[in-house]
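Everything on this sheet refers to the single structure shown next.
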Amino acid sequence: MAARISVPQNARRGDNIEIRVAIQHPMETGYRTDDNGTAIPKNVINKLVCRYNGVEVFRAEMGSGIAANPYLSFFIVAANSGELRFDWGDDSGATGSERASIIVA
Amino acid sequence: MKSMLTRRSFLVHIAVLAAAPLAVVRRAFAQQFAQQTEAQTAAVNALIDKITGGAPLARGRVKLDIPTLADNGNSVSLRVLVDSPMTAADHVKSIHLFAPRNPRPAVAAFYFGPGAGRAQVSTRIRLSGSQGVMAVAALSDGSFWLAVADVAVTVSACWDAS
């Protein structure tokens with residue numbers, strides 16, 4: 000699961016910074032059939048967690064109502080330099096993670 | 000012998016005939032932009048009750064930015080934000096999105112931790128037909144707020160089974 004995460008490299012302490020996440024995933028609804036007519040099982044990224052230096056700052060629980068290649072944008076307060084970690088998983092049990100470092104002056 | 004059709008009744012007939020197709024068109028239009036069924040409303044209300052626990056739900060404070068006309072229901076960009084200072088004493092705990100006419104009306108839920116700077120999320124959702132998209136926010140003071148935005152969808156998601 001390829002993912003693109005946009006986190007500013009530098010930020011001033013106290014600033015609200017926008018985090019953008021886009022993950023390549025079909026977000027299969029479970030209502031579609033393949034060319035042979037067999038149902039394609041539902042498989043969506045059901046959970047994404049963003050942790051900032053180990054503390055959970057944002058969590059998304061998603062269903063089939065989220066479009067393919069899910070995109071999320073949210074805001075966190077730049078508190079300390081460190082690491083943002085993103086973890087997600089889909090219905091098939093596949094997981095993905097990504098990390099980004101940020102310098103807070 | 001006097002005519003069966005007087006001038007007045009003739010005009011009434013004309014008016015009725017002219018109005019009839021209009022009524023048909025209006026009914027077709029209403030079907031295209033059908034409101035959610037009672038079952039769909041009940042399903043969404045049950046989902047919302049699960050969040051609020053029966054607490055009162057007021058309109059306001061939540062802003063739902065979504066196009067009023069969406070060309071493609073497979074991907075409709077949406078931004079939801081809540082007017083909140085996001086301090087430890089007063090913050091938004093979660094925002095829940097519902098699309099009542101989708102086969103699964105619970106679209107997504109977003110939870111904000113103490114480091115979240117704004118109660119704001121942007122994403123892209125699927126819409127199965129025109130409907131009133133709902134956003135429910137749960138605040139730290141125990142209050143719940145609702146926003147509803149009507150979206151007309153030209154090409155629904157779930158249009159074909161391919």
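Residue numbers (numbering that gives the first Met the number 0), protein chains in the order written: chain A, 0 to 104; chain B, 0 to 161. Where is the CB? At the ideal position from N, CA and C, for every residue including glycine.
- Counting along the chain, no alpha helix (DSSP H) covers residue 46 of chain A; the unbroken beta strand (DSSP E) around it starts and ends at 44-51.
- Here residue 43 of chain B carries a helix assignment [DSSP, helix/strand/coil].
- For residue 3 of chain A, the closest C-alpha among the options A:71, A:81, A:79 is that of A:71.
- Straight through space, the alpha carbons of residue 100 of chain B and residue 53 of chain B are spaced by roughly 22 Å.
- Per the coordinates, the alpha-carbon of residue 67 of chain A lies some 30 Å from the alpha-carbon of residue 59 of chain B.
- Taking CB atoms only, residue 146 of chain B has no neighbour in chain A less than 8 Å away.
- Cα atoms of residue 30 of chain A and residue 36 of chain A: separation of roughly 11 Å, rounded to the nearest angstrom.
- A distance below 8 Å between beta-carbons, with the five flanking residues on each side excluded, links residue 45 of chain A to the following residues of its chain, in chain order: 60, 61, 62, 88, 89, 90.
- Using a CB distance below 9 Å, the part of the region 111-139 of chain B facing chain A consists of 111, 112, 113, 114, 115, 116, 117, 118, 119, 120, 121, 122, 123, 124, 125, 126, 127, ordered along the chain.
- The three-state reading of DSSP puts residue 50 of chain B in helix, counting H, G and I together.
- With 16 or more other Cβ atoms inside 10 Å of its own Cβ, residue 130 of chain B counts as buried.
- Between residue 41 of chain A and the set B:103, B:108, B:147, the nearest pair of CA atoms involves B:103.
- Judged by their CB atoms, residue 118 of chain B and residue 81 of chain B are nearer to each other than the 8 Å cut-off.
- Remark: C-beta atoms of residue 122 of chain B and residue 107 of chain B approach each other more closely than 8 Å.
- In the displayed model, residue 38 of chain B falls within a helix according to three-state DSSP.
- When the five nearest sequence neighbours on each side are left out, the beta carbons in the same chain lying within less than 6 Å of the beta carbon of residue 145 of chain B are those of 56, 58, 135, in order along the chain.
- In the DSSP assignment, residue 58 of chain A forms a beta bridge with A:48, B:110.
- Here residue 6 of chain B has no same chain residue with a Cβ atom under 8 Å from its own Cβ, once five neighbours each way along the sequence are excluded.
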